[in-house]
Amino acid sequence: MSSPVFLYCFPFCFFFLYGPVLSLQAEWKPVVIVSGFQTIREALGQKAENFTERLSIPLMCIIGRGKNCEGVLMASGDNGWKEQRRFCVSNLKSLGMGKKTLEKRVCEEAGYLCAELKSKEGFPFDPHDFIYTAVGNIICTLAFGDRFEYHSKNFLSLLDFVFPAKCGLRKVCNSSFLALPCLALPSQVFKNYLAVLPALDLLYLTNMSIMQHCTIYIFIIYFFNVLQAEGNTETSFNEENLIHVLFDIFVAGAETTSATLTWGLLFMVLHPEVQSDLIMLHELIFLERVHEEVDTVIGGVKSVTMEDWSNLPYTTAVIHEIQRNADIVPVTFPYVACNDTEVGGFVIPKETVVIYHLSSALKDETMWEKPHEFYPEHFLDANGQFVKREAFIPYSSGKFKRRMVAIGKEPLAKMELFIFFTSLMQHFTFYIPENAPRPSEERIFRITVFPLPFQILAFPR
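Mapped onto mature numbering (1 follows the signal peptide of the UniProt record, and there is no 0), the consecutive letters of the sequence shown carry residue numbers -23 to -1, 1 to 438.
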């Protein structure tokens, strides 16, 4: 049997030993791991059309993912993902994606988040729960038309269901996606996977309750309007698929952003403890530069907006370096080769499972000056202005990136990361509690990568 974690912490040593295209046998299926930025770019860019199909995961049928009912992220090309992509892109724009209306909601939520952290002044706390609640509220605003109070029992129940569901999904994708369904039935992996069901049920019941009283256009109403207009059971517009689409939006929209922001706060408190005096001086300057830049451009009263993006090059570079260094999506979900395709000088046969090792691009020693260090200057030019880097692919590229964009992941994440992080830096200085152990940089693997739980202090500035 395959290791339960090998797909999500694929060792760099194999990349260094065997090169950018590695073939192995998992059970009876051939699997190719594509590593290194140049090789990944070739496969996901120039030859993306040959790697568009999703791997069929037998256990997906257990939770109702089947024909015309696969959501967006895991749907195959001929099973509704294209029509769901068009629908999501169009209607998320109508709901404010990329517009001032949604930006205003994110700014307001950043204010609520800062107020919650201010109430913790002088007391250590784990920032993850607050961050996930804030980010989850943005998804609720899009899907359900309103936010929840941070201590709302219904909201906390929803988050409590979604988290074990994601953990179960990750374990199945790691260890059972190549196996017969019956092999997982008696295992703990299968029990974890079934944790997805209550989350989906809760989402469904919430949808029905809101539909009866809602007077504004929200995502689920757009979906039901199409469902009723189509009247065709052979499309992906059905009540069951709505649940899966909503779940995908929650996972992609809340999981990745909350993980990145949690890593960001961890990096903020870790850097003053670098041992070397010279590096210590540099890191203190780095922290002061973030605060100084924010104070100069925004001040302490004005709310952060996306208009500030271009005027905060160092802060923007820090956010991008957090994404690169956190590396929260080390590998992609598996694809299947549609045709025999040459990548990196090797022929990948048709129907081979293909996985992209994104960590190897984000830590590629040929593309980054200091790939294994936290170094915001990776994203600054000689004049101190922000510069994009082509090897910066923190979530994916090519067709899978289009799936993420379809459910609002990329534009929403950019907005949330900038407004939330900059607002936190505007209002707080974060520290490790006195006499507390240094937080670990070890990684927890769910669908994305989180740091181990840690405690920090937030002092208002």
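Cβ atoms here follow ideal geometry from the backbone N, Cα and C, with glycine treated the same way.
Per the coordinates, the alpha-carbon of residue 225 lies some 10 Å from the alpha-carbon of residue 218. In the displayed model, residue 339 falls within a helix according to three-state DSSP. DSSP places residue 290 in the uninterrupted alpha helix (DSSP H) bounded by 290 to 303. One Cα belongs to residue 233, the other to residue 406, and the distance between them is close to 24 Å. Annotated three-state conformation of residue 388 is helix, per DSSP. Distance from the CA atom of residue 393 to the CA atom of residue 409, rounded to whole angstroms, is 25 Å. Below 8 Å, enough C-beta pairs join the stretch 235 to 248 and the stretch 424 to 436 to call them touching: three or more. In the three-state reduction of the DSSP assignment, residue 429 falls in the coil class, being assigned neither a helical nor a strand state.
Between the stretch 365 to 373 and the stretch 275 to 295 there are fewer than three C-beta pairs closer than 8 Å, too few to call the two in contact.
The three-state secondary structure of residue 266, taken from DSSP, is helix. When Cβ pairs closer than 8 Å are counted between the two stretches, the stretch 350 to 364 is seen not to touch the stretch 329 to 339, the count staying below three. Inclusion of residue 230 and residue 390 in the CB contact set at 9 Å is warranted, their separation being smaller than that value.
For residue 420, the uninterrupted beta strand (DSSP E) segment begins and ends at 420 to 422.
The criterion of a C-beta distance shorter than 9 Å is satisfied by residue 304 and residue 339.
The three-state secondary structure of residue 348, taken from DSSP, is coil. In terms of Cα proximity to residue 85, the closest of 346, 280 and 370 is 280. Taking the C-beta atoms as reference points, residue 428 is found nearer than 9 Å to residue 420. Excluding residues up to 5 positions away in sequence, 1 and 330 lie with their Cβ nearer than 6 Å to the Cβ of residue 8 in the same chain. Counting the other CB atoms within 10 Å of its CB gives residue 273 a total below 16, which places it among the exposed residues. Counting along the chain, the unbroken beta strand (DSSP E) around residue 325 starts and ends at 323 to 325.
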